[in-house]
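Last residue of the sequence shown: 396 in UniProt numbering, with the numbers rising by one and none dropped.
Worksheet: the structure to be examined is printed underneath.
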Amino acid sequence: FILALISCSVLWLSCTFWLRNHLLKYFSRHLYSPVCVAGAFQLASSSQGCEACCSLDICRISNSMQVTCIKLAFQLENAKLSSDQNDKAAGAAREELKEARMRIEALSYQLSGLQKQASAAEDRIRELEEMMAGEREKFRKMLDAKEREMTDMRDQMQQQLTEYQELLDVKLALDMEISAYRKLLEGEEERLKLSPSPSRVTVSRATSSSSSSSTSLVRSSRGKRKRIEAEELSGSGTSGIGTGSISGSSSSSSFQMSQQASATGSISIEEIDLEGKYVQLKNNSEKDQSLGNWRLKRQIGDGEEIAYKFTPKYVLRAGQTVTIWGADAGVSHSPPSVLVWKNQGSWGTGGNIRTYLVNSEGESFLLLRSVKSNSVIKEASWGVRILFGPWFGRLS
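See the structure below:
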């Protein structure tokens, strides 16, 4: 539209300029010549002044038209300059628009690429989340299976330990029966002044050897602490005590047996008093053992548990022993080898005695277990018959 308007203006100005030139030529030849001017003055002075006035009007009109044409020419030049400037501005705007379009296209390509990358990343994230969920479910199932397996193993181990403990109790009872039987035979032979037969000596030695090889290891959990109910037991402390009387051809005798077993670890029970006066511990290792805040516990049957607590800085030297006496024993306190339990008169006596050593972390170790039982022995004129639990023996 601007170009059309400019073209029309140029055409109109061209026509106006052409008309102006022709009019100037005409007036320059006819009106502004000296003859015309003189004639005009003559006419003005003469009676024909009207025509001269008309000629002057025509000159004025021509001059005004010339001025108008000049103004239009200046306006046309200004319009041309403005048109050139507008053309330059329009060209620059077109260039900027072109560059902007190119930038928009480049950004559109980049946006499309980024959208593709984001879509691929989202797909990868979903895939990884699915894989992670599958792995989590897999490991959860594996963990559940392991927990069930561990539970089954614990149950089996507890069952086996219970059976083993029962077998150990039976074995200890049998060892005591054999020891009692051996004592009875030796007493009977001594009473009858008979020499022991080789077979009896062999049996006696075999039973003594078998009784010295019993071991027990029982562990159980109590809350968050692991309680070890039995450590490996040796038969170094096995002993038997028997008292009674025999008279006539048929009499009875009552015996009381005590079975002891000390642990073979770094700390063990070296000796105990059957009357409950003291308990002696020994450090079997080659290194000093700190017993700070350790507790030595004892429980007799189903009775109340008693515990002696070592001082926080107490150390049992390598290979050394320590004896903990009850207050009623009348022994003076002489650390580190002799300690007196001032708050407890005696360690107590009775059947089924268990002695534990508990470390500072709460782990318990069964160091000693004593079993007490009674037996009734009957003698007949033809030999000896022993009644002890479910076993019956006869020697003729």
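Just so you know, even glycine gets a beta-carbon here, dropped at the ideal spot from N, CA and C.
A quick note: this is a predicted structure, and the numbers were derived from the prediction, not measured.
Inset, instruction - Go to Y356, then tell me how far its beta strand (DSSP E) extends in each direction, as first and last residue. - result: I353 to V358 is the span of the beta strand (DSSP E), which, as asked, contains Y356.
Legend entry - Secondary structure of Y314, DSSP reduced to three states: coil
Legend entry - DSSP bridge partner residues for L296 (one or two, in chain order): Y308 and L357
Inset, instruction - Report the three-state DSSP secondary structure of G134 (helix, strand or coil). - result: In this structure, G134 counts as helix in the three-state DSSP scheme.
Legend entry - Start-to-end residues for the beta strand (DSSP E) that takes in Q280: Y278 to N283
Inset, instruction - Provide the residue(s) that pair with E271 in DSSP beta bridges, ordered along the chain. - result: Q280
Inset, instruction - Go to V331, then tell me how far its beta strand (DSSP E) extends in each direction, as first and last residue. - result: Taken as a continuous stretch (DSSP letters only), V331 belongs to no beta strand (DSSP E), as it is neither H nor E.
Legend entry - Residues near E270 in its chain [Cβ-Cβ closer than 6 angstroms; skip 5 each side]: Q280, K282 and T321
Inset, instruction - Specify whether the region 326–333 and the region 281–295 touch according to this definition: at least 3 beta carbon pairs, one from each stretch, less than 8 angstroms apart. - result: no
Inset, instruction - Classify Y109 as buried or exposed, calling it buried when 16 or more other Cβ atoms lie within 10 Å of its own Cβ. - result: exposed
Legend entry - Buried/exposed call for G91, threshold 16 Cβ in 10 Å: exposed
Inset, instruction - Give me whichever residues DSSP pairs with L339 in a beta bridge. - result: I324
Inset, instruction - Determine the DSSP secondary structure at Q344, reduced to helix, strand or coil. - result: coil
Inset, instruction - Go ahead and pull the three-state DSSP assignment for S14. - result: helix
Legend entry - Sequence-distant residues of its chain with Cβ nearer than 7 angstroms to S360 (five each side left out): G292, N293 and W294
Legend entry - For S290, three-class secondary structure by DSSP: strand
Inset, instruction - Answer yes or no: do G348 and R317 have a C-beta to C-beta separation smaller than 8 angstroms? - result: Taking the C-beta atoms as reference points, R317 is found no nearer than 8 angstroms to G348.
Inset, instruction - Please go through the same chain and pick out, in chain order, the residues whose beta-carbon is closer than 8 angstroms to the beta-carbon of I306, but skip the five residues on each side of it. - result: K297, R298, Q299, Q344, W347 and G348
Inset, instruction - Can you check DSSP and say which residues form a bridge with S108? - result: S108 pairs with nothing; no bridge assigned.
Legend entry - Check whether I324 and Y308 have beta carbons under 8 angstroms apart: yes
Legend entry - Contact under 8 angstroms by Cβ, G319 with G350: no
Legend entry - S266 (DSSP reduced to helix, strand or coil): Three-state result, S266: coil.
Inset, instruction - Throw me the rounded Cβ distance for the L168 and I267 pair, which I believe falls under 8 angstroms. - result: I267 and L168 do not touch by the CB rule: their CB atoms are close to 21 angstroms apart, not below 8 angstroms.
Inset, instruction - Would you decide whether M157 is buried or exposed? Buried here means 16 or more other CB atoms lie within 10 Å of its CB. - result: exposed
Legend entry - Whole-angstrom distance between E149 and K138, CA atom to CA atom: Note on geometry: alpha-carbon atoms of K138 and E149 lie some 16 angstroms from one another.
Legend entry - Classification of L128 by the beta-carbon crowding that lies within 10 angstroms, buried from 16 upward: exposed
Inset, instruction - Compare the Cα-Cα distances from Q289 to each of S112, P312, E77 and K141 and report the closest residue. - result: Nearest of S112, P312, E77 and K141 to Q289, Cα basis: P312.
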